[in-house]
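K.L.:
Pasting a structure here, questions to come.
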Amino acid sequence: MKLRVAVIYGGRTGEHEVSVRSARAILDGMDPARYEKIEYFIDQQGKWLPKPILPEPGAQPEIDVVFPVLHGTFGEDGTVQGLLELADLPYVGAGVLASSVSMDKEMMKRVCKERMLPVVDYVTVTRETAGIPEICSRLPFPMFVKPANLGSSVGISKAHDEKELEAAVALAGQFDRKIIVERGIAGRELEVSVLGNEAPVASLPCEILPSREFYDYEDKYLLDMAQTKVPADLPPEQTAELRRLAVECYRAVDCEGMARVDFLLEAASGKLYINEINTIPGFTSISMFPKMWEHSGIGFSALIDRLIELALDRHKRKKATRFTR
Ligand SMILES: Nc1ncnc2c1ncn2[C@@H]1O[C@H](COP(=O)(O)OP(=O)(O)O)[C@@H](O)[C@H]1O
Ligand SMILES: [Mg+2]
Numbered sequence: 045m046k047l048r049v050a051v052i053y054g055g056r057t058g059e060h061e062v063s064v065r066s067a068r069a070i071l072d073g074m075d076p077a078r079y080e081k082i083e084y085f086i087d088q089q090g091k092w093l094p095k096p097i098l099p100e101p102g103a104q105p106e107i108d109v110v111f112p113v114l115h116g117t118f119g120e121d122g123t124v125q126g127l128l129e130l131a132d133l134p135y136v137g138a139g140v141l142a143s144s145v146s147m148d149k150e151m152m153k154r155v156c157k158e159r160m161l162p163v164v165d166y167v168t169v170t171r172e173t174a175g176i177p178e179i180c181s182r183l184p185f186p187m188f189v190k191p192a193n194l195g196s197s198v199g200i201s202k203a204h205d206e207k208e209l210e211a212a213v214a215l216a217g218q219f220d221r222k223i224i225v226e227r228g229i230a231g232r233e234l235e236v237s238v239l240g241n242e243a244p245v246a247s248l249p250c251e252i253l254p255s256r257e258f259y260d261y262e263d264k265y266l267l268d269m270a271q272t273k274v275p276a277d278l279p280p281e282q283t284a285e286l287r288r289l290a291v292e293c294y295r296a297v298d299c300e301g302m303a304r305v306d307f308l309l310e311a312a313s314g315k316l317y318i319n320e321i322n323t324i325p326g327f328t329s330i331s332m333f334p335k336m337w338e339h340s341g342i343g344f345s346a347l348i349d350r351l352i353e354l355a356l357d358r359h360k361r362k363k364a365t366r367f368t369r
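Residue numbers (this note's numbering): 45 to 369.
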């Protein structure tokens, strides 16, 4: 019997198009001999086509497992994961808490700091209370200004002076009430993929070489000019340290399934910083998450098999939990 997999994609998010491309790659990569695919598309307004998943257990007897391929808001942030928990459906990737903590760039840093994991200096403001002089007194230029809960570099700018900072805060404030301002790190960008539930494993790292001043939306998805190097050219000790930190960060946010952990390596100090963790990383045919696994010995189709296996395994383990007296 084929496993019936529901792939949810699109979504009410600035990363809608990316999700569509990721889902396309996943649907194409799923072994038709093993899986029956059911597509659930969510449009930009949040409408589900052909129909929504209902929150009641047993309401979807036609689905064995769900693969949410939604990036950013209303999908990678725990909201859809909450729906799938209510529906008692097994699903690929992080649970509710890990999804929402990882999505929020401030919460993720707080959780990492509690475990002594290296994150860059930052200041959190809200669009109502963004005091520019206060930020300037706490961080040196250049700064990176980001909406706290988004991805794909949407709403992110690099500010070199007070005037740019003001514009950057206004832009980020359009995408989230909460804004995070970080010390800009001059150096290299590295990424590591992690896979697993109880015993997560890290892939070989890769390096991103942006073609622009930083790895912005155009560079990620439109220009096709950014260079990538898999595996990253690093001394063995640094590769080992990156992989260790990636797994530590994964555990710190209580992640399951998969994630991509992104790092900044400061040129001047040689120091590694965890920049962010993505619980539904880009999954297009050219995305780094599947590429890193390919170089680490797990091909695209095998990766999908593994993720589905992890989803089913987690759901089975959860059955040991009592929800009533
Ligand atoms: N503190 C920082 N110092 C230097 N570059 C940064 C910093 N924060 C972000 N960047 C640049 O901006 C890009 C997008 O930021 P990131 O935090 O990864 O947001 P997103 O979730 O949108 O991918 C990074 O890939 C990197 O090029
Ligand atoms: Mg990023």
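Note that beta-carbon positions come from the ideal geometry of N, C-alpha and C, so glycine has one too. Since this is a predicted model, take the numbers as computed values, not measurements.
1) Assess, as a yes-or-no matter, whether the region 241–248 is touched by the region 172–188 under the definition of 3 or more beta carbon pairs within less than 8 Å.
2) So residue 383 is in the beta strand (DSSP E); what residue range does that whole segment cover?
3) Can residue 285 be considered in contact with ligand 1, in the sense that its beta carbon sits closer than 7 Å to one or more heavy atoms?
4) Could you give the first and the last residue of the continuous beta strand (DSSP E) run that contains residue 333?
5) So for residue 239, helix, strand or coil by DSSP?
6) Measuring straight from C-alpha to C-alpha, what distance separates residue 205 and residue 93?
7) Within 7 Å: the Cβ of residue 306 and any heavy atom of ligand 2?
8) Specify, as a first and last residue, the run of the beta strand (DSSP E) that residue 201 falls within.
9) List the residues that DSSP assigns as beta-bridge partners of residue 360.
10) Got a sec? Which residues, its chain only, sit under 8 Å from residue 345 by beta carbon, not counting five neighbours each side?
11) Leaving out five residues before and five after residue 351 in sequence, what residues of the same chain have Cβ atoms less than 8 Å from its Cβ?
12) DSSP three-state call for residue 299: helix, strand or coil?
13) Mind reading off the beta-carbon distance from residue 150 to residue 140? Whole number of angstroms is fine, and I expect it under 8 Å.
14) Classify residue 364: buried if its beta carbon has 16 or more other beta carbons within 10 angstroms, exposed otherwise.
15) Just reading off the beta strand (DSSP E) that residue 54 is part of, what are its end residues?
16) In angstroms, rounded to a whole number, what distance separates the CA positions of residue 120 and residue 332?
17) Is it the case that the CB of residue 320 approaches a heavy atom of ligand 2 more closely than 7 Å?
18) Contact defined as beta carbons within less than 8 Å: I believe residue 105 pairs with residue 132. What is the distance between those atoms, to the nearest angstrom?
19) Under a Cβ-count criterion, where at least 16 other Cβ atoms within 10 Å of its own Cβ denotes burial, should residue 175 be classed as buried or exposed?
20) Given this structure, state the Cα-to-Cα distance separating residue 159 from residue 212, to the nearest angstrom.
21) Going by the CB atoms, is the gap between residue 216 and residue 199 shorter than 8 Å?
22) For residue 290, which of helix, strand or coil comes out of DSSP?
23) Spatial neighbours of residue 258 within its chain, please: CB distance less than 7 Å, with the 5 preceding and 5 following residues excluded, ordered by chain position.
24) What are the boundary residues of the alpha helix (DSSP H) that includes residue 65?
25) Going along the chain, which residues of its own chain have a beta-carbon closer than 7 Å to the beta-carbon of residue 88, five neighbours each way excluded?
26) Taking residue 264 and residue 196 to be in contact with their CB atoms under 8 Å, please state how far apart those CB atoms are, rounded to whole angstroms.
27) By DSSP, does residue 162 sit in helix, in strand, or in coil?
28) Would you kindly check if the distance between the Cβ of residue 114 and the Cβ of residue 52 is under 8 Å?
29) Restricting to Cα atoms, I'd like to know which of 320, 347, 179, 354 is closest to residue 157.
30) Which residue's Cα is closest to the Cα of residue 147: 362, 356, 322, 161?
31) Please state the DSSP three-state secondary structure of residue 120.
32) What does a CB cutoff of less than 6 Å around residue 193 pick up in its chain, not counting 5 residues either side in sequence?
33) Could you check what DSSP says for residue 234 in three-state terms: helix, strand or coil?
34) Check whether the Cβ of residue 233 lies closer than 7 Å to any heavy atom of ligand 1, and answer yes or no.
35) In terms of DSSP beta bridges, what is residue 271 paired with?
P.N.:
So, from the data block:
1) no
2) Nothing can be reported for residue 383: it is not among the residues displayed for the chain, which extend from 45 to 369.
3) no
4) Taken as a continuous stretch (DSSP letters only), residue 333 belongs to no beta strand (DSSP E), being part of the alpha helix (DSSP H) at 332–339.
5) strand
6) 46 Å
7) yes
8) 201–203
9) DSSP output for residue 360 lists no bridge partner at all.
10) 73, 74, 75
11) 111, 136, 137, 239, 301, 302
12) coil
13) Not confirmed; about 18 Å, so no contact.
14) exposed
15) 47–54
16) 17 Å
17) yes
18) Not quite, the Cβ-Cβ distance comes to about 12 Å (not below 8 Å), so this is no contact.
19) exposed
20) 30 Å
21) yes
22) helix
23) 202
24) 60–73
25) 56, 60
26) 6 Å
27) coil
28) yes
29) 320
30) 322
31) coil
32) 147, 148, 220
33) strand
34) yes
35) 253
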